[in-house]
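Undergrad: Structure in structure tokens, see below.
Protein chains: 4
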Amino acid sequence: MSDTRTPTVDDVAAWWATSVSRIEPGIIELRGRPVADLIGRASLVEVTWLMLRGDLPSPWHARLLEAALVAGVDHGPHAPSIAIARMAATCGVGLNNAVASGVNVLGDVHGGAGQQCVEMLTEICDRADEGDPASLDAAAVTVLAEWRERSPYVPGFGHRFHPVDPRREPLLSLVQSAVDDRAVPGRHLLAAFAIERNLKTRGGDQVPINIDGCTAVIYAELGLPAPLARGLFVLSRSIGVLAHAWEETQSGRRNKGPIPPTILPPYVTQ
Amino acid sequence: MSDTRTPTVDDVAAWWATSVSRIEPGIIELRGRPVADLIGRASLVEVTWLMLRGDLPSPWHARLLEAALVAGVDHGPHAPSIAIARMAATCGVGLNNAVASGVNVLGDVHGGAGQQCVEMLTEICDRADEGDPASLDAAAVTVLAEWRERSPYVPGFGHRFHPVDPRREPLLSLVQSAVDDRAVPGRHLLAAFAIERNLKTRGGDQVPINIDGCTAVIYAELGLPAPLARGLFVLSRSIGVLAHAWEETQSGRRNKGPIPPTILPPYVTQ
Amino acid sequence: MSDTRTPTVDDVAAWWATSVSRIEPGIIELRGRPVADLIGRASLVEVTWLMLRGDLPSPWHARLLEAALVAGVDHGPHAPSIAIARMAATCGVGLNNAVASGVNVLGDVHGGAGQQCVEMLTEICDRADEGDPASLDAAAVTVLAEWRERSPYVPGFGHRFHPVDPRREPLLSLVQSAVDDRAVPGRHLLAAFAIERNLKTRGGDQVPINIDGCTAVIYAELGLPAPLARGLFVLSRSIGVLAHAWEETQSGRRNKGPIPPTILPPYVTQ
Amino acid sequence: MSDTRTPTVDDVAAWWATSVSRIEPGIIELRGRPVADLIGRASLVEVTWLMLRGDLPSPWHARLLEAALVAGVDHGPHAPSIAIARMAATCGVGLNNAVASGVNVLGDVHGGAGQQCVEMLTEICDRADEGDPASLDAAAVTVLAEWRERSPYVPGFGHRFHPVDPRREPLLSLVQSAVDDRAVPGRHLLAAFAIERNLKTRGGDQVPINIDGCTAVIYAELGLPAPLARGLFVLSRSIGVLAHAWEETQSGRRNKGPIPPTILPPYVTQ
Numbered sequence: 123m124s125d126t127r128t129p130t131v132d133d134v135a136a137w138w139a140t141s142v143s144r145i146e147p148g149i150i151e152l153r154g155r156p157v158a159d160l161i162g163r164a165s166l167v168e169v170t171w172l173m174l175r176g177d178l179p180s181p182w183h184a185r186l187l188e189a190a191l192v193a194g195v196d197h198g199p200h201a202p203s204i205a206i207a208r209m210a211a212t213c214g215v216g217l218n219n220a221v222a223s224g225v226n227v228l229g230d231v232h233g234g235a236g237q238q239c240v241e242m243l244t245e246i247c248d249r250a251d252e253g254d255p256a257s258l259d260a261a262a263v264t265v266l267a268e269w270r271e272r273s274p275y276v277p278g279f280g281h282r283f284h285p286v287d288p289r290r291e292p293l294l295s296l297v298q299s300a301v302d303d304r305a306v307p308g309r310h311l312l313a314a315f316a317i318e319r320n321l322k323t324r325g326g327d328q329v330p331i332n333i334d335g336c337t338a339v340i341y342a343e344l345g346l347p348a349p350l351a352r353g354l355f356v357l358s359r360s361i362g363v364l365a366h367a368w369e370e371t372q373s374g375r376r377n378k379g380p381i382p383p384t385i386l387p388p389y390v391t392q
Numbered sequence: 123m124s125d126t127r128t129p130t131v132d133d134v135a136a137w138w139a140t141s142v143s144r145i146e147p148g149i150i151e152l153r154g155r156p157v158a159d160l161i162g163r164a165s166l167v168e169v170t171w172l173m174l175r176g177d178l179p180s181p182w183h184a185r186l187l188e189a190a191l192v193a194g195v196d197h198g199p200h201a202p203s204i205a206i207a208r209m210a211a212t213c214g215v216g217l218n219n220a221v222a223s224g225v226n227v228l229g230d231v232h233g234g235a236g237q238q239c240v241e242m243l244t245e246i247c248d249r250a251d252e253g254d255p256a257s258l259d260a261a262a263v264t265v266l267a268e269w270r271e272r273s274p275y276v277p278g279f280g281h282r283f284h285p286v287d288p289r290r291e292p293l294l295s296l297v298q299s300a301v302d303d304r305a306v307p308g309r310h311l312l313a314a315f316a317i318e319r320n321l322k323t324r325g326g327d328q329v330p331i332n333i334d335g336c337t338a339v340i341y342a343e344l345g346l347p348a349p350l351a352r353g354l355f356v357l358s359r360s361i362g363v364l365a366h367a368w369e370e371t372q373s374g375r376r377n378k379g380p381i382p383p384t385i386l387p388p389y390v391t392q
Numbered sequence: 123m124s125d126t127r128t129p130t131v132d133d134v135a136a137w138w139a140t141s142v143s144r145i146e147p148g149i150i151e152l153r154g155r156p157v158a159d160l161i162g163r164a165s166l167v168e169v170t171w172l173m174l175r176g177d178l179p180s181p182w183h184a185r186l187l188e189a190a191l192v193a194g195v196d197h198g199p200h201a202p203s204i205a206i207a208r209m210a211a212t213c214g215v216g217l218n219n220a221v222a223s224g225v226n227v228l229g230d231v232h233g234g235a236g237q238q239c240v241e242m243l244t245e246i247c248d249r250a251d252e253g254d255p256a257s258l259d260a261a262a263v264t265v266l267a268e269w270r271e272r273s274p275y276v277p278g279f280g281h282r283f284h285p286v287d288p289r290r291e292p293l294l295s296l297v298q299s300a301v302d303d304r305a306v307p308g309r310h311l312l313a314a315f316a317i318e319r320n321l322k323t324r325g326g327d328q329v330p331i332n333i334d335g336c337t338a339v340i341y342a343e344l345g346l347p348a349p350l351a352r353g354l355f356v357l358s359r360s361i362g363v364l365a366h367a368w369e370e371t372q373s374g375r376r377n378k379g380p381i382p383p384t385i386l387p388p389y390v391t392q
Numbered sequence: 123m124s125d126t127r128t129p130t131v132d133d134v135a136a137w138w139a140t141s142v143s144r145i146e147p148g149i150i151e152l153r154g155r156p157v158a159d160l161i162g163r164a165s166l167v168e169v170t171w172l173m174l175r176g177d178l179p180s181p182w183h184a185r186l187l188e189a190a191l192v193a194g195v196d197h198g199p200h201a202p203s204i205a206i207a208r209m210a211a212t213c214g215v216g217l218n219n220a221v222a223s224g225v226n227v228l229g230d231v232h233g234g235a236g237q238q239c240v241e242m243l244t245e246i247c248d249r250a251d252e253g254d255p256a257s258l259d260a261a262a263v264t265v266l267a268e269w270r271e272r273s274p275y276v277p278g279f280g281h282r283f284h285p286v287d288p289r290r291e292p293l294l295s296l297v298q299s300a301v302d303d304r305a306v307p308g309r310h311l312l313a314a315f316a317i318e319r320n321l322k323t324r325g326g327d328q329v330p331i332n333i334d335g336c337t338a339v340i341y342a343e344l345g346l347p348a349p350l351a352r353g354l355f356v357l358s359r360s361i362g363v364l365a366h367a368w369e370e371t372q373s374g375r376r377n378k379g380p381i382p383p384t385i386l387p388p389y390v391t392q
């Protein structure tokens, strides 16, 4: 507020300056590219990368991002994000509102694990010796120990429902193929394996990498900042949220509650 | 966009001009009143009226508005607005986000009935003969018939759970007292009774005024525009939404879904 | 509530039954397809179609949907959906919350035009004589006249900023190619052209098809229900909303308001 | 999930058990009190306390809570929460959606300071010697130093706009009166003064208690948990958000952006 000169309308325009898009009469550019050059040519995932990074991805980079986005689309009507959107769709609001109420809850517990896992993988890679892959195990053990002091949950590992997450194998084998093709460095994949090797439940059971961990590996390998792991999951899950909200809309139910009206206390609203 | 003169920063300030509040260094005025004159003196309901109408309410007007707001605070954990906020509170978002996801669904079906009922009551009063109360019945029958052509639901009447809404009697007797004291005209109350007299289910049962109808009567008697019936219900229900979200927060549950994990398909997230 | 038999847990499970996805321990199926068969193989747009329609799209159908989604991604920081998300990102909430506050406003005025335009195009096609393309003009004139009685805005036509929307040509020529390849019938495209031919401003100017009209043509040609025009725009715009929210996050601004702090009344919060 | 017995519908009902409200046919109880006993008798603030705490407040407790809620209602159209709701109201969504998009952004930076300040005041009181008021200064200095290591912002102190927040004096003098009447202990008020005495800008200027600090003192004196400082601010600000959204609705603007259309790049949507 030390700025004392008289402000001008240029200051106002500058307040909303952006490098994401340029809009002028008859002109729409996304990251410097005319939208007409993208429509019908670039895939939605390539455009997502372009919007977030400023350039177009290599085929391998696009393929990894696409796989991560496809994998997170839906996990059934009992996920809070989905259940909320289904109930919202019966309350007389638009699909835009139903989707908003649903994705709004993709917070630290429901969707945020990917962001935390990217941070954890990055920390392990930073601490390990660049030249010595084995040092990743030592770093993983240290970081894991520190993490568990803060929380009983290790983000990106274990699933209370799936013994092994069915999305683990296809996602990680795709990353491995990209590593074999030198499309991504692969250190974050090794870091994730290092955690998996060193993580056991009190009962001594394995705690396999889950969907958040797999997508975190992809985002970390692609050099995406941790907060975008959450942001990208929002884009991915929006698709499932919309599909479920739409199915519920067609059911004709009104004011759907969490349990059937036949169960006491009866289902009621207002 | 025909404006061709060079815009100035005054145009920018004017774009955000408001008569609701005035903020300058060391000054906060709400509808022209220094906030210091309101803190500790005006009630929250009086300030709500002030913010929406520009003046302070009479004691009776404040009392009626307060009763309507108190009546809508909560209707149990199975109302979508409440259930959504409870689930949201377990997903690692703030109470602000849990409340937002909850009140966001107070749409045409869940909360919007009050707005529609104010419109219906107003239409009946407009059509009836000012001098002849009996003419309200004729107007009610006509408006009712027109409404039922559009929808099987008559907004503000009947409740799938309560044979008679326990909020009906205290709210309407309060309005009657205000009418007796000449604090409000009372025509919209008569219009609501006229509907109630003329509304039967196919089975011939009575369809009593419900909470939306009672609050609609109050808002209409207070001369509040129909859309504010929805807006004020949002303020009222926010209190219940917050209380339920807070209780759920304290439960320590994570990613609460609509049904217990013990019921197949197991409760799962992501 | 006439159901009198004792409810069971099966009733509860049935309450959340869905045909969108199946989740069991170790199993995730989207519309009957194991997620492992989709990861790394299906594109995000193909999966979007699968989730909404239950099957995978033909290459042409996927291409048209992808083009519509790419075209709506962003329209600059002054679109309310984008501006809201940018401000939200400076208030200490997650990217999930910033995206939610932004897409939540894609209502009847900002984003809903596509839905209304699909309805208008469908109505024209329904009224026109199947065998006689020329009859589309007559139907267009009638529907247009009826529409203008209800509102001064014809959804999907005209843009207060672009003389001709730069997205019009690439989108409609792509639809035309699909028609030439017999991938879509093309009647809704003709209906849109019929409106365009018969729509003039009071000043006699042309009112070209805009982005909402172009995407409405695509959604109608693909046989998607009107409400999904809004739902799909939400998915598309979410990408731009996320990119802008992320850029704003990196700026380090706190509590960004609509105009710069240097303009009186100074930028203030709380 | 170690629960192996067959689940019953009672488990389902229990999943949504709450102590906040009881709803049965013809019965609505809030915290054990029939709603009919509250309508027309309890104030909205008393009911808010009841819903959050389970009992009704003393007159002084209700008065302090009411003052805190009144004080936070509005801070002008440039606060992100307000600006967002005003823009939302022009996009064709309901007032419920406009309010939701607005209060959703009351996060750690915009609205969360009160929660952090309650934590800080509590920490100071916990560290200070119960018997020795002077020890609050020492504790304040320590806690302040620790806090400033983590962040340059001390929550609840200083305002970039108001040299002295006009809400400070009326709020704190009300708390002082309550202390004089032995209605609240007053230690958190002393802790706030201790911070104020020991907090200076680099330039040596005073950094007075702001609205977040004043309401934090009230909430702490009332024994409310820190997260409710945020939750209660949401209730308070919702009133201003609604008033501004309603005013904007009446303007008839469509797709209002942050700056006027006359300023290049022109105001545009979609």
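Chains as they are written, first to last, in my numbering: chain A, 123 to 392; chain B, 123 to 392; chain C, 123 to 392; chain D, 123 to 392.
Even for Gly, the Cβ is constructed at its ideal location relative to N, Cα and C.
Only a predicted model underlies this, so the values are computations on that prediction, with no experimental measurement involved.
What in chain A is Cβ-close to C:Val-286, meaning under 8 Å?
TA: Per Cβ cutoff of 8 Å: Gly-148.
Undergrad: For chain B, check one thing: does any of its Cβ atoms lie closer than 7 Å to the Cβ of C:Ile-381?
TA: Yes, its Cβ sits closer than 7 Å to a Cβ of chain B.
Undergrad: Of all the CB atoms in chain D, is at least one closer than 7 Å to the CB of A:Val-131?
TA: So yes, A:Val-131 belongs to the interface.
Undergrad: Across which residues does DSSP place A:Lys-322 in a beta bridge pair?
TA: Partner(s): A:Gln-328.
Undergrad: What span of residues does the beta strand (DSSP E) with A:Leu-152 cover, start to end?
TA: Looking at the DSSP string, the run of the beta strand (DSSP E) that includes A:Leu-152 is 149-152.
Undergrad: May I ask you to report which of helix, strand or coil DSSP gives B:Phe-279?
TA: Looking at B:Phe-279 - three-state DSSP - the assignment turns out to be strand.
Undergrad: To the nearest angstrom, report how far apart C:Arg-230 and D:Ala-211 are at their CA atoms.
TA: Residue identity check: residue 230 of chain C is Asp in the sequence provided, not Arg. Taking the straight line from one Cα to the other gives about 11 Å.
Undergrad: Using a Cβ distance threshold of 8 Å, determine whether the stretch 237-252 of chain C contacts the stretch 309-328 of chain C, with at least three qualifying pairs required.
TA: At 8 Å Cβ cutoff, the stretches touch.
Undergrad: Kindly indicate the opening and closing residues of the alpha helix (DSSP H) around A:Ile-246.
TA: Run containing A:Ile-246: 235-249, per the alpha helix (DSSP H) assignment.
Undergrad: Helix, strand or coil for B:Ile-145 per DSSP?
TA: If DSSP states are grouped into helix, strand and coil, B:Ile-145 belongs with the strands.
Undergrad: Step through the CB atoms of chain D and report whether any lies within less than 7 Å of the CB of B:Ala-222.
TA: Answer yes: the Cβ-Cβ gap between B:Ala-222 and chain D drops below 7 Å somewhere.
Undergrad: Please check if any C-beta of chain C sits within less than 7 Å of the C-beta of D:Ala-205.
TA: Chain C, which has a Cβ nearer than 7 Å to the Cβ of D:Ala-205, makes this yes.
Undergrad: Using a Cβ-Cβ cut-off of less than 8 Å, list which residues of the stretch 165-188 of chain C approach chain A; keep chain order.
TA: The residues in question are Ser-165, Leu-166, Val-167, Val-169, Thr-170, Met-173, Leu-174, Arg-185 and Glu-188.
Undergrad: Mind checking which residues open and close the alpha helix (DSSP H) that includes A:Leu-166?
TA: It spans 166-175 - the alpha helix (DSSP H) in which A:Leu-166 sits, taken as one unbroken run.
Undergrad: Return the residue from the list A:Ala-261, A:Ala-305 and A:Leu-152 that minimises the CA-CA distance to A:Pro-181.
TA: For the residues A:Ala-261, A:Ala-305 and A:Leu-152, the minimum Cα distance to A:Pro-181 belongs to A:Ala-305.
Undergrad: Tell me, which residues are paired with A:Arg-163 by DSSP?
TA: A:Arg-163 pairs with nothing; no bridge assigned.
Undergrad: How big is the Cα-Cα spacing for D:Gly-253 and B:Val-363?
TA: So the alpha carbons of these two residues sit roughly 40 Å apart.
Undergrad: I need the straight-line Cα distance from B:Pro-147 to C:Ala-367, nearest angstrom please.
TA: Computed Cα separation, rounded: 30 Å.
Undergrad: How would you write the range of the alpha helix (DSSP H) that A:Pro-362 sits in, first residue to last?
TA: Correcting the residue type first, residue 362 of chain A is Gly in the shown sequence and not Pro. 348-373 is the span of the alpha helix (DSSP H), which, as asked, contains A:Gly-362.
Undergrad: Have a look at B:Ile-149 and D:Pro-285 and give me their C-alpha separation to the nearest angstrom.
TA: Taking the straight line from one Cα to the other gives about 10 Å.
Undergrad: DSSP state of D:Pro-255, grouped into three classes?
TA: Coil.
Undergrad: Taking only three categories from DSSP, how would you classify B:Pro-307?
TA: Correct three-state label for B:Pro-307: coil.
Undergrad: Report the neighbours of D:Trp-138 on chain A: residues whose CB is nearer than 8 Å to its CB, in chain order.
TA: Result: Pro-380 and Ile-381.
Undergrad: Would the stretch 335-353 of chain C count as touching the stretch 224-238 of chain C if we require 3 or more Cβ pairs under 8 Å?
TA: Contact holds: three or more Cβ-Cβ distances are below 8 Å.
Undergrad: Evaluate C:Lys-322 with the Cβ neighbour count: other Cβ atoms within 10 Å of its Cβ, from every protein chain shown; 16 or more gives buried, anything less gives exposed.
TA: So C:Lys-322 ends up on the exposed side.
Undergrad: Hey, how far is the Cα of D:Gly-162 from the Cα of B:Glu-291?
TA: Those two C-alpha atoms are separated by around 11 Å.
Undergrad: Are any of the Cβ atoms in chain C nearer than 7 Å to that of B:Ile-331?
TA: No, because no Cβ of chain C sits closer than 7 Å to the Cβ of B:Ile-331.
Undergrad: Considering Cα atoms alone, identify which of A:Ile-206, A:Gly-308, A:Leu-293 and A:Leu-266 is closest to A:Pro-255.
TA: Ranking A:Ile-206, A:Gly-308, A:Leu-293 and A:Leu-266 by Cα distance to A:Pro-255 puts A:Gly-308 first.
Undergrad: Is B:Pro-156 helix, strand or coil by DSSP?
TA: Residue state, collapsed to three classes: strand.
Undergrad: Checking contacts by CB at 7 Å: is A:Leu-217 closer than that to chain C?
TA: True, the Cβ-Cβ gap to chain C drops below 7 Å.
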